[in-house]
């Protein structure tokens, strides 16, 4: 029991002396050997000595005089039944006790942690130097300070605010040249974070040169996080080639790219429109199945769509769906619209429509409309009609624009019966065919020479709409000119004004050219030309010349006929 009491007393004294020695010091994380043994032995030897003049005296330094109630209790402990015997008579070997207190291997204090002391004055001098304009060489001023370089000292300098990035880079270059100091991952990480937070172009390139030098000299110092910070910095600065250079160095530095590496590199390249390079990086990402989160995948898809690589973006989409990534709806809609711009990828967009369901589908009118337009453009109108039927059944509800695309598709194909069917389906849905709908139907009939049917549609349009468009009449005028029924064409030109439609240059130009070329009626053409001038319209020089040529031709013909008659 007395041994345990003595050990407790000794440990409390050690803690007190240790605390006293640590005042006003800057600490670090480095271990060192503990206190000298001799610093404790006099007190402990005196406490346990047999030849003490008064072994029961409790006035030893560090016990009752220091006011510690725990030590007072140890010194004078007694119970109701038994009094603690005095130290006299205890068979304690002095040499053995000294060994126990000072160097017992079971209670070895040699592994205590020592604090590395940062010289506050030297630290302040370095910071003052880096924060100010230096007279002469920065390196020579640092050499004159006779610094004891340590990892904690360097990190403290690097992480101090209000120091120019250029000065920090020069400082670390100087540190690297000093013998006995090895740059650690902690130092590099701190420097990269500080420089990247500033986002200055010159500092970015200088930092990359320094990091390359470190990576070439020492293995294991650089890590993926440091390289990713650099790629993100170059991306922010719009330097795609520099970001690609960092990415290409991963293997040389013993690092494996992760999701952030691929994402930041693709971002940097696409920002500079290096879409081919960006796709090469993306292919590696897909090959290693290292996709970032759904939000970032959506951005990658949008970048490639902007760069005209919708088919490649669709490959990224399929890979993300296979990984159950939740993609932003805006990116998916953008991809569908981009796929519909090219005839060979419209079918891919059509397949993507199956990915919509529930409320999400009800609000997806834009991608569905894009697919319908794409199918009609590629003359796959029947499939476009099927999409409309699915929209009616499952959503989203089709509007006028979607129906008009299919009506226009059938009209251009000359299948007027199906065009009228879709038009009637439109009306059963409670939608009113607009002027454009009637115009495309009339155009289909006019192109086929079915002017009577076209006029019937015109009559129906007049009943439903008080004002028609110039394109509506232009379609019919062109049709009548095609079959050389110019009187009806002229009547339509006059009728336009009654329905509040002002004839434009196209109508006049078409009529004048047809009158001159087909029936050589320069008189009617000239009247139309005068009417144009009254309405403030300008006829191009070619058409005016055509009127004059026909007029002169007729005059010459008349002269020839008169000469022949006289002869």
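Numbering (the UniProt record's numbering), first residue to last: 1 to 567.
We put the CB at the ideal spot given by N, CA and C, even for glycine.
query: Taking DSSP as the reference, what is the three-state secondary structure of residue 272?
result: Stepping through the chain shown from its first residue, residue 272 is reached at position 272. The answer is coil: DSSP assigns residue 272 none of H, G, I, E or B.
- prompt: If you draw a straight line from the C-alpha of residue 287 to the C-alpha of residue 314, how long is it?
  reply: In the chain shown, counting from the first residue as 1, residue 287 sits at position 287. In the chain shown, counting from the first residue as 1, residue 314 sits at position 314. Their Cα atoms are separated by approximately 15 Å.
query: What's the C-alpha gap between residue 201 and residue 150?
result: Walking along the chain shown from the start, residue 201 turns up at place 201. Walking along the chain shown from the start, residue 150 turns up at place 150. Looking at the two C-alpha atoms, the distance is approximately 30 Å.
message: Let me make sure I understand the geometry here. Which of 262, 450, 466 and 501 has the alpha-carbon closest to that of residue 474?
response: Looking up residue 474 in the chain shown gives position 474. Here the closest residue by C-alpha is 501.
- prompt: residue 501 by DSSP, collapsed to three states: which one?
  reply: The sequence position of residue 501 within the chain shown is 501, counting from 1. In this structure, residue 501 counts as coil in the three-state DSSP scheme.
- request: Please classify residue 317: is it buried, with 16 or more other beta-carbons within 10 angstroms of its beta-carbon, or exposed?
  value: By 1-based counting over the chain shown, the position of residue 317 is 317. The residue in question, residue 317, is buried, as its Cβ has 16 or more Cβ neighbours within 10 Å.
message: Please report the straight-line C-alpha distance between residue 330 and residue 131, rounded to a whole angstrom.
response: Looking up residue 330 in the chain shown gives position 330. Looking up residue 131 in the chain shown gives position 131. For residue 330 and residue 131, the distance between alpha carbons rounds to 48 Å.
message: So residue 271 and residue 308 are supposed to be a Cβ contact under 8 Å. How far apart are they, rounded?
response: Indexing the chain shown from 1 puts residue 271 at position 271. Indexing the chain shown from 1 puts residue 308 at position 308. Contact flag wrong, Cβ pair sits at about 16 Å.
query: Do you know whose CA, among 175, 161, 550 and 158, lies nearest residue 141's CA?
result: Within the chain shown, residue 141 is the residue found at index 141, counting from 1. For the residues 175, 161, 550 and 158, the minimum Cα distance to residue 141 belongs to 175.
- request: With residue 374 as the anchor, note down where its alpha helix (DSSP H) starts and where it stops.
  value: Position 374 of the chain shown holds residue 374. Start and end: 365-377.
message: What does the Cβ neighbour count give for residue 162, buried or exposed, with the cut at 16 atoms within 10 Å?
response: On the chain shown, position 162 is the one that residue 162 refers to. Classification of residue 162: exposed, given that the 10 Å Cβ count is below 16.
task: Would you tell me roughly how many angstroms separate the C-alpha atoms of residue 218 and residue 209, rounded to the nearest one?
output: In the chain shown, residue 218 corresponds to position 218, counting from 1. In the chain shown, residue 209 corresponds to position 209, counting from 1. Each residue's Cα considered, the two are about 14 Å apart.
- prompt: So, is residue 549 buried or exposed, given that buried needs 16 or more other C-beta atoms within 10 angstroms?
  reply: Against the chain shown, residue 549 aligns to sequence position 549. Residue 549 comes out exposed.
field: Start and end residues, alpha helix (DSSP H) containing residue 352
entry: The residue you call residue 352 lines up with position 352 of the chain shown. Note, residue 352: alpha helix (DSSP H), 346-352.
message: If you reduce the DSSP assignment to three classes, tell me which class residue 250 lands in.
response: Taking the chain shown and counting its residues from 1, the one referred to as residue 250 is at position 250. Residue state, collapsed to three classes: coil.
task: Could you have a look at residue 474 and say whether DSSP puts it in helix, strand or coil?
output: Numbered from its first residue, the chain shown carries residue 474 at position 474. Three-state DSSP puts residue 474 in a helix.
message: Within a Cβ cutoff of 7 Å, which residues of the same chain sit near residue 489, ignoring the five residues on either side of it in sequence?
response: Position 489 of the chain shown holds residue 489. The residues are 477, 480, 481 and 511.
- prompt: Are the region 285-300 and the region 245-255 touching by the rule of at least three beta carbon pairs closer than 8 Å?
  reply: Counting C-beta pairs with one atom in each stretch, the region 285-300 and the region 245-255 have fewer than three that are closer than 8 Å, which means they do not touch.
- prompt: Do residue 259 and residue 235 have their C-beta atoms closer together than 8 Å?
  reply: For the purposes of this step, residue 259 is taken as the residue at position 259 of the chain shown. For the purposes of this step, residue 235 is taken as the residue at position 235 of the chain shown. The Cβ atoms of residue 259 and residue 235 do not sit closer than 8 Å to each other.
message: I believe residue 228 touches residue 261 by the beta-carbon criterion, under 8 Å. Please report the beta-carbon distance rounded to the nearest angstrom.
response: Here the question's residue 228 lines up with position 228 in the chain shown. Here the question's residue 261 lines up with position 261 in the chain shown. Indeed they touch by this definition, with Cβ atoms about 5 Å apart.
message: Cutting at 6 Å between CB atoms, please list the residues of its own chain near residue 496, excluding the five before and the five after it.
response: Within the chain shown, numbered from 1, the residue matching residue 496 stands at position 496. Exclusion of the five residues before and after residue 496 leaves 473 and 503 as the residues of its chain whose Cβ lies within less than 6 Å of its Cβ.
field: Cβ neighbour criterion (16 or more within 10 Å) applied to residue 312
entry: Counting from 1 along the chain shown, the entry for residue 312 is found at position 312. Label assigned to residue 312: buried.
message: Could you compute how far the alpha carbon of residue 230 sits from the alpha carbon of residue 321?
response: If you number the chain shown from 1, residue 230 lands on position 230. If you number the chain shown from 1, residue 321 lands on position 321. If you take the alpha carbons of residue 230 and residue 321, they lie about 30 Å apart.
DSSP state of residue 167 mapped onto helix, strand, coil: Sequence index remark: in the chain shown, residue 167 carries index 167 (1-based). Correct three-state label for residue 167: helix.
- prompt: By Cβ distance, which residues of its chain are closer than 6 Å to residue 190, with the 5 residues on each side in sequence left out?
  reply: The sequence position of residue 190 within the chain shown is 190, counting from 1. Around residue 190: 155, 158 and 159.
task: Could you check what DSSP says for residue 183 in three-state terms: helix, strand or coil?
output: For the purposes of this step, residue 183 is taken as residue 183 along the chain shown, with counting starting at 1. Three-state DSSP puts residue 183 in coil, outside helix and strand.
- prompt: In or out: residue 172 buried (at least 16 other Cβ within 10 Å) or exposed?
  reply: For the purposes of this step, residue 172 is taken as the residue at position 172 of the chain shown. It is buried - the Cβ of residue 172 has at least 16 other Cβ atoms within 10 Å.
query: Alpha carbon to alpha carbon, how far is residue 188 from residue 197?
result: Here residue 188 refers to the residue found at position 188 of the chain shown. Here residue 197 refers to the residue found at position 197 of the chain shown. Going by the C-alpha atoms only, they are around 14 Å apart.
- prompt: Quick one: is residue 542 buried, meaning 16 or more other Cβ sit within 10 Å of its Cβ, or exposed?
  reply: Taking the chain shown and counting its residues from 1, one reaches residue 542 at position 542. Per the 10 Å Cβ criterion, exposed.
task: From the DSSP output, in three-state form, read off residue 356 for me.
output: Your numbering for residue 356 matches position 356 in the chain shown. Of the three classes helix, strand and coil, the one that applies to residue 356 here is coil, per DSSP.
message: Measuring alpha carbon to alpha carbon, tell me which residue in 439, 279 and 341 is nearest residue 456.
response: Numbered from 1 along the chain shown, position 456 holds the residue referred to as residue 456. Of 439, 279 and 341, the residue nearest in Cα terms is 439.
task: Could you work out which residue in 470, 416, 376 and 413 is closest to residue 401 when comparing CA atoms only?
output: The residue labelled residue 401 in the question sits at position 401 within the chain shown. That would be 376, whose Cα lies nearest to the Cα of residue 401.
query: Exposed or buried, which one is residue 170 when buried takes at least 16 other CB atoms within 10 Å?
result: To locate residue 170, count along the chain shown from 1; it is residue 170. Residue 170 is buried by the Cβ-count criterion.
message: According to DSSP, simplified to helix, strand and coil, what is residue 329?
response: The residue you call residue 329 lines up with position 329 of the chain shown. Reduced to three states, the DSSP call for residue 329 is helix.
query: Does the Cβ-Cβ distance between residue 199 and residue 233 come in under 8 Å?
result: Here residue 199 corresponds to residue number 199 of the chain shown, with the count starting at 1. Here residue 233 corresponds to residue number 233 of the chain shown, with the count starting at 1. Yes.
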